[in-house]
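For the record, the sequence lines run as chains G, U and D.
Counting in our numbering, the first sequence runs from 167 upward without gaps.
Counting in our numbering, the second sequence runs from 282 upward without gaps.
Counting in our numbering, the third sequence runs from 39 upward without gaps.
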Amino acid sequence: MLLYLLRRMLYALPIMFGVALVCFALIHIAPGDPLVSILPPDASADLQAQLRELYGFNRSLPEQFAMWVWRALHGDLGVSIASNRAVAGEVFTAVGNTLRLALVATVIGFMLGCLFGFVAGYFRGSWIDRAASLVSVLGVSVPHYWLGMVMVIVFSSQLMWLPATGAGPGGSDHWIWNWEHLQYLLLPAITMSVIPMGIVARTVRALVADILDQEFIVGLRAKGLTHLGVFRHTVKNAAPTALAVMGLQLGYLLGGSILIETVFSWPGTGFLLNSAIFQRDLPLLQGTILVLALFFVVLNLLVDVLQTLLDPRIARA
Amino acid sequence: MSSVITSSTVSAPVPMQRSRGYWASVWQRFTHDPVAMGAALVVLVLIAFALFGHSIAPADPYQSSMLKRLKPIGTPGFPLGADELGRDMLSRLIVGARLSLFIGITPVLCAFVLGTLIGLVAGYAGGLVNTVIMRVIDVFYAFPSVLLAIALSGTLGAGVVNSLISLTIVFIPQIARVAESVTTQVRNRDYVEAARASGANAFTIVRVHVLGNVLGPIFVYATSLIAVSMILASGLSFLGLGVKPPEPEWGLMLNTLRTAIYVQPWVAALPGAMIFITAISFNLLSDGLRSAMDNKS
Amino acid sequence: MTSLDIGGPAQPLLTITGLTKHFPLKRDPLGRGGGSVRAVDGVDFEVLKGETLGVVGESGCGKSTTARLLMHLIEPTQGEVVFDGCTVRGRDLPLKEFRRQVQMVFQDSYASLNPRLTIEDSVAFGPQVHGLARGAAVARARDLLARVGLEPARFAERYPHELSGGQRQRVNIARALALQPRMVILDEAVSALDKSVEAQVINLLLDLKAEFGLTYLFISHDLNVVRHVSDRVMVMYLGQVAELGPSDALFDTPAHPYTQALLSSMPSMDPDHRTEKAALAGDPPNPINPPAGCRFHPRCAHAAPLCSQTEPARIANGSARSVSCLIHQPGSGHPLAQPKEAVA
């Protein structure tokens, strides 16, 4: 099993390399001279030449790539044009904010999804199943940015229970897990949790229905196992896959948070991406995408490892 | 000397009516599924909007009026209200179906064709070709779809064509994976081996034996992507990366109406409701198709 | 039916020399593993024109792999396949033409048919590949379906899932015959059928053989069936040929200890001669690491120390009766073997 894990981890390396390659290529598929996007528009010819030399635009592409990777490995992701600050710093602050949001959203989505999924699977075939399944279809079909808007309309504008935008009373710099801060987290997190909830519910329903249909359950019940016992058995068998799905959903939320963060002005990586796009701040764009994508690869790896540890059948396959 | 073997020596009794093909039985089950049929009806209405929107819409979707800005639902002459430039919401919603459906469905269609091709080649060829192709696919698969779409759109720039390209690139790896997996399974079946044993070349075998058995599952998977694609495509417009104003498109309308949620919340929410309804319908349609195909008669 | 006979009746239809297939095993990052599964390890035999050669052996002895190697569905690691005097894939016999002349019927009747094609389309596929127009191919398909006992008017446009196992296997036979081959390999073709259906299909096969002048390679693990249909029988063990000879002689007086054990393990119908003891002792063989010397020696009742050191000579081509065993090798040194005699 250890060997399988080792192999799996080694396999992630070429993927990361490929991801870095794609991120690097992004800046070169952008129309126009890449240097223009690095420089402020009124830079002198001297400065232009300097930066051209520094970034190596006068060298071959593979050389540029090597330089870029080298710098990235040392934590230097370039400088943001708009804010003139190091990209790495901005990205990591933003990642912290998004992580908070995504984690809470994933946990909420996972719990609700398990609830609906389990209920649907347990009562499979009945109207309860259909109702719970309907909820999960709705969850998967909703455009989350629109849902965010609706939530803002209902809870902020009309009922005035929760704030509409922002990440905290004093901006985003210091997060404390108290109500003053949490109230900003609540709406975006719930909005974000809907799609994972739908997906987890679907998966769990299929798992539970599958497990309960298997013969060993019948055998166990014939031996007098109580409902609680059946429940425990089901959970034990469904856990690996369900947790894997949850892990993947966390990854998707991290990468796909831009839409919700835009609606709620949540200062996370998505928001950063948004401003990077509209200010044509390519270093910031590139750096953010790289960090997020690598995060996703590592997360996938962790999910695989976790699944293998929980379900030894996989390593033997 | 050959003995006469009559059909009476054949074992089980056989029904006399003409046999039904696989797709015919799928269609049968599909058309008898009430939920799927309801969803299909909604989809047909939306397609009608897309095709004949300009004729159906009561007013000109581009006609703006500074006086009529942000009128609520039920205003005479503006049954669903007016947007931030005084244009009739109902008309814009109807005509908007065209672009919204177009940018949602087209990438899935293109990805279906290209992804199936890639997956077929990788699955049938096996070996090194398979490994190389699938590793490249894996690299793109390593990006969360929203992120990749935004990254590509962000660097290519705004516009319908660019968002079509980026969404197609996002969906190709997903479809290719499914295609490769199914093709590999089919390739190892005995009837493919029997076809090879009769001397057919790879192209013929794929055309006659593999394609028919592989398209079904891939198609069902692709239909499940339509809703996602629509939401994502409209999402790109919502961010300002897709369709450009003044074209009516639901995502773009949500964007321009965002500031109006404090003034006319329900008018501002309408375009999103359309996306929601469309996504639900396509998802239910896709689910119905999957059930109809899963049921082995 | 076909006048493709090149070498005349005396020339064997198929000559197999040194056929070997090793499936390599992956090595893990620490260098463990590796080696290969020696599925077929140096097999020589001939198939004479117009005969039925039966092939028997336990699961994993290499019967099916040999069949697939013959048809070149998998590539041999080593060895030569000569068909009516022409080397397959050589100048005189390209692969596609070889495949027209040798066809195969598989064991799983359902998996052998494309579920999306009607059975007449399945049967007509082969001829179309070799250039026959669609109309003519379909006509031939219907004709063959009638010959195998499936009335075309009722069956031609059906799908495989609407037929029973026996009917499907008839379709597979029709499909194999559609190319008008000279030889048909039957790889456990009747093993999955009910006994009564099996009897019908076997009778059909024998009738077709006579009508079309076919040669059969009949692979099976069912000894009774093999005895009934075969002219000669080849016994395989762990990728090699243990014994080869005329069917009746081999079954009445088996020479190789493995054959003896196989035959005595058949349950007896006679209550006075019950089969009481299991004939074969020891563990089933592992084709990755075959035993040294004679591969059967760990399970052989007559094994001598010599047997774990010396490999018995392989079967000579075309001999009427050959055994790959040290006991039957004069001068091998085995206690039961005859001493080498001076040539008189």
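We put the CB at the ideal spot given by N, CA and C, even for glycine.
This one's a predicted model, so the numbers in the text were calculated from it and none came from an experiment.
Check                                                                                                                         : Outcome
Neighbour-count burial assignment, His294(D), 16 or more Cβ in a 10 Å radius                                                  : buried
Arg154(D) at chain U interface by Cβ criterion, 8 Å                                                                           : yes
Distance between Ile414(U) and Val239(D) (C-alpha atoms, nearest Å)                                                           : 45 Å
For Gly56(D) and Arg31(D), the rounded distance between their alpha carbons                                                   : Since the displayed chain D opens at 39 and closes at 382, residue 31(D) lies outside it and no answer follows.
C-alpha distance - Glu226(D) paired with Lys247(D), whole-angstrom precision                                                  : 17 Å
Contact belief for Leu551(U) with Leu361(U) at Cβ below 8 Å, rounded distance in angstroms                                    : 6 Å
8 Å contact criterion, which Val161(D) and Leu183(D) should meet: CB distance rounded                                         : 7 Å
Leu458(G) vs Thr435(G) beta-carbon contact at 8 Å                                                                             : yes
Under 8 Å by beta carbon: chain U residues contacting Pro228(G)                                                               : Those within 8 Å of Pro228(G) in chain U number zero; the least Cβ separation is about 17 Å.
Cut-off 7 Å between Cβ atoms - residues of its own chain near Val270(G), not counting five sequence neighbours on either side : Leu351, Ala355
Inter-stretch contact (C-beta, 8 Å, three-pair minimum) for the stretch 531-539 of chain U and the stretch 459-477 of chain U : no
Sub-8 Å separation of Arg539(U) and Met315(G) beta-carbons                                                                    : yes
Integer-rounded CB distance, given that Ile556(U) should sit under 8 Å from His512(U)                                         : At residue 512(U) the sequence reads Ile, which differs from the His that was named. Going by Cβ atoms, the distance from Ile512(U) to Ile556(U) rounds to 6 Å, so yes, they are a contact pair.
Proximal residues, the stretch 121-149 of chain D versus chain U, C-beta separation under 7 Å                                 : Lys134, Arg137, Arg138, Gln141, Met142, Phe144, Asp146, Ala149
Chain D contact residues for His313(U), given Cβ-Cβ distances below 9 Å                                                       : Within chain D, no residue comes near His313(U); the closest Cβ sits about 20 Å away, beyond 9 Å.
Rounded C-alpha distance that separates Val370(G) from Val235(D)                                                              : 45 Å
C-alpha gap between Phe424(U) and Leu414(G), whole angstroms                                                                  : 12 Å
Buried or exposed by the 16-neighbour rule on C-beta atoms within 10 Å, applied to Gln545(U)                                  : buried
Chain D contact residues for Asp471(U), given Cβ-Cβ distances below 7 Å                                                       : Phe144, Asp146, Ala149, Ser150
Contact with chain G by Phe330(U), beta-carbon distance below 8 Å                                                             : no
Interface flag, Gly164(D) vs chain U, CB-CB below 8 Å                                                                         : yes
Buried or exposed (CB count within 10 angstroms, at least 16 for buried), Phe462(G)                                           : buried
Run of the beta strand (DSSP E) containing His310(G), from where it starts to where it stops                                  : It is not in any beta strand (DSSP E) - His310(G) instead sits in the alpha helix (DSSP H) that spans 310-317.
Residues bridged to Asp369(U) (per DSSP)                                                                                      : Ala363(U)
Presumed contact (8 Å Cβ cut-off) between Ser426(U) and Val459(U), rounded CB distance                                        : Actually they do not touch by this definition, with Cβ atoms about 15 Å apart.
Reduced DSSP category for Ile223(D) - H, G, I as helix; E, B as strand; rest coil                                             : strand
Where the alpha helix (DSSP H) through Val396(G) begins and ends                                                              : 393-421
Through-space distance from Lys134(D) to Met234(G), alpha-carbon basis                                                        : It is Trp, not Met, that sits at residue 234(G) in the sequence shown. If you take the alpha carbons of Trp234(G) and Lys134(D), they lie about 54 Å apart.
Buried or exposed by the 16-neighbour rule on C-beta atoms within 10 Å, applied to Gly356(D)                                  : Because the pLDDT at Gly356(D) is just 48, under 50, the model does not fix this residue reliably, and the point stays unresolved.
Residue-level contact to chain G via CB, Phe452(U), 8 Å cutoff                                                                : no
DSSP-derived helix/strand/coil call for Arg296(G)                                                                             : helix
Beta carbon proximity, Val489(U) to chain D, threshold 8 Å                                                                    : yes
Top-ranked residue by Cα proximity to Val245(G), from Leu328(G), Phe289(G), Glu256(G)                                         : Glu256(G)
Member of Ala372(G), Val301(G), Gln216(G), Val303(G) whose CA lies at the smallest distance from the CA of Arg290(G)          : Ala372(G)
Helix, strand or coil at Ala77(D) [DSSP, three-state]                                                                         : strand
Cβ separation of Ala478(U) and Met142(D), assumed to be a contact under 8 Å, to the nearest whole Å                           : 5 Å
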